[in-house]
Amino acid sequence: MNQLLKAAPLATQVPSVPPSSNRHFIKTAGLVLAVAALLAVLWMPAAPGLPLAGQVMLAVLAFAVIVWMTEALDYAVSAVVVGALMIFLLAATPDVAKPASGDIGTGAALSLALSGFSNSAVALVAAACFIAAAMTATGLDRRIALLVLSKVDARTNHIVIGAMVVGFLLSFIVPSTTARVACLVPIMMGFILAFKVDKRSRFAGLLVIAAAQTASVWNIGIKTAAAQNLVAIGFIEKQFQATITWMEWFIAGAVSALMSVAVYFIMTR
230 MNQLLKAAPL ATQVPSVPPS SNRHFIKTAG LVLAVAALLA VLWMPAAPGL
280 PLAGQVMLAV LAFAVIVWMT EALDYAVSAV VVGALMIFLL AATPDVAKPA
330 SGDIGTGAAL SLALSGFSNS AVALVAAACF IAAAMTATGL DRRIALLVLS
380 KVDARTNHIV IGAMVVGFLL SFIVPSTTAR VACLVPIMMG FILAFKVDKR
430 SRFAGLLVIA AAQTASVWNI GIKTAAAQNL VAIGFIEKQF QATITWMEWF
480 IAGAVSALMS VAVYFIMTR
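For the sequence shown, our numbering assigns the number 230 to the initial residue and increments by one for each residue that follows.
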C-alpha cells in the first residue's frame with residue numbers, strides 16, 4: 230500500500246492533452262453569439278412590469294453565460310467586460326425608484342454594479358480562498374488524504390470508499406471544491422499508475438470521477454464547503470432578513486448528500 234501512495238506524485242508527469250484545432254473557432258463563435266444575445270435582449274419589447282434596468286441586466290446575464298460556457302474570453306477578462314457593460318448600459322437607464330428623473334449616469338451605475346461586493350459574504354469567500362490556498366501550499370490536505378487512503382486495502386470499492394471519506398473530511402476544512410479535487414485527483418492517478426491500468430479503462434474512469442464527485446457532493450450538505458453557499462447565505466440574509474446557522478444548513482442538506490452516496494452503492498451492487 231505504501232508503494233501505491235508513493236506513486237501518487239507520478240500523476241503530475243501525465244502529458245497534457247493538446248488543444249483541439251477548432252478551439253479558436255469555438256471561441257470566436259461564442260463571442261459573436263454572446264454579443265448577438267446581448268443585442269437581441271436589449272432590443273426585445275419590454276416585458277410588463279420589468280424596468281429598463283432589469284432588461285439591461287438580463288442582456289448582460291445572457292452575454293456572460295454564453296461567454297463562460299464557450300470560454301470565449303478568459304474568466305478574468307470576462308469579469309472586466311461584464312462589469313464595464315453593466316456600468317455603461319445601466320448609465321443610460323432611468324432610476325428604478327424615480328423613473329421620471331432621467332438617466333442615472335455612470336457614477337450611480339458604477340455604485341450599483343459594485344454594490345454586490347459590499348455583501349459580507351464576499352469577505353467570507355475571500356477568507357475561504359485563503360484557507361484553501363494555505364491547505365494546498367502546506368500539503369495538509371494531501372496528508373489527510375494519504376492518511377485515510379493508507380487505511381484501506383487495494384480493492385476497488387474500498388479505494389472508492391476511502392476517496393469518499395477523504396472528500397467528506399476535506400469539506401469541513403477546505404472551503405473550495407477545486408482545491409479538494411486538485412488534492413484527490415493526483416492521488417487517484419497515482420493508484421492508476423501503480424496498478425498499471427489503462428487510463429481509458431472503467432477502473433481508471435471510476436477513480437477519477439469518484440474523486441471529482443465526492444468533492445462536489447458535500448457542497449450541498451456542508452455550509453462552508455463551497456464559496457457559492459456563503460454567497461447564497463448573504464443573499465438570503467439581505468432579502469429575507471433570515472439567518473441560517475451551520476447546523477441548520479447541515480441538517481437540511483446532509484440528507485441529500487447522503488442519498489447521493491447511497492445511490493452509488495445501490496447502483497453498483
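Using N, Cα and C, we set each Cβ at its ideal position, and we do this for glycine too.
Legend entry - residue 447 burial status per 10 Å Cβ neighbour count (16 or more: buried): buried
Inset, instruction - Could you tell me which residues DSSP pairs with residue 382 in its beta bridges? - result: Paired residue(s): none; residue 382 is not in a bridge.
Inset, instruction - Could you tell me which uninterrupted alpha helix (DSSP H) segments, each at least 4 residues in length, are contained entirely in the stretch 243-291, listed from first to last along the chain? - result: 252-272
Legend entry - Minimum C-alpha distance to residue 368 - residue among 391, 312, 297, 408: 408
Inset, instruction - Measure the C-alpha to C-alpha separation of residue 437 and residue 282 and round it to an integer number of angstroms. - result: 44 Å
Inset, instruction - List in chain order: all unbroken alpha helix (DSSP H) runs of 4+ residues lying wholly within the stretch 405-481. - result: 406-423, 431-450, 456-469
Inset, instruction - Answer with buried or exposed for residue 470, where buried requires no fewer than 16 other C-beta atoms within 10 angstroms of its C-beta. - result: exposed
Legend entry - Span of the alpha helix (DSSP H), counted from its first residue to its last, around residue 343: Per DSSP, residue 343 belongs to no alpha helix (DSSP H) and is neither H nor E.
Legend entry - residue 270 beta carbon less than 7 Å from that of residue 293: Not in contact: residue 293 and residue 270 (Cβ atoms no closer than 7 Å).
Inset, instruction - Let me know the secondary structure DSSP gives residue 324 once reduced to three states. - result: coil
Inset, instruction - Flag this pair as yes or no: are the beta carbons of residue 322 and residue 285 separated by less than 7 Å? - result: yes
Legend entry - Supposed close pair residue 319, residue 342 - CB separation, criterion 8 Å: 7 Å
Inset, instruction - Taking 7 Å as the cut-off, decide whether the C-beta atoms of residue 410 and residue 444 are in contact. - result: yes
Legend entry - Contact set for residue 400: own chain, Cβ-Cβ below 6 Å, skip 5 residues either direction: Same-chain partners within the cutoff: 447, 451, 454.
Inset, instruction - Inspect the beta-carbon positions of residue 389 and residue 439 and report whether they are closer than 7 Å. - result: yes
Legend entry - For residue 392 and residue 473, the rounded distance between their alpha carbons: 29 Å
Inset, instruction - Pick out whichever of 370, 482, 417 has its Cα sitting closest to the Cα of residue 402. - result: 370
Inset, instruction - Enumerate in chain order the residues of its own chain whose CB-to-CB distance from residue 296 is below 6 Å, with the five nearest sequence positions on each side excluded. - result: 263, 302, 307
Legend entry - CA-to-CA distance, residue 316 to residue 339, given in whole angstroms: Residue 339 and residue 316: Cα-Cα distance of roughly 5 Å.
Legend entry - Sheet register partners of residue 332 (DSSP bridge): Paired residue(s): 323.
Legend entry - Helix, strand or coil at residue 312 according to DSSP, with G and I counted as helix: In the three-state DSSP reduction, residue 312 falls in the helix class (H, G or I).
Legend entry - Of the residues 475, 325, 385, the one placed nearest residue 278, counting alpha carbons only: 325
Legend entry - Own chain residues within Cβ distance below 7 Å of residue 465, not counting five before or after: Excluding its 5 nearest sequence neighbours in each direction, residue 465 has C-beta neighbours in its own chain below 7 Å: 471, 473, listed in chain order.
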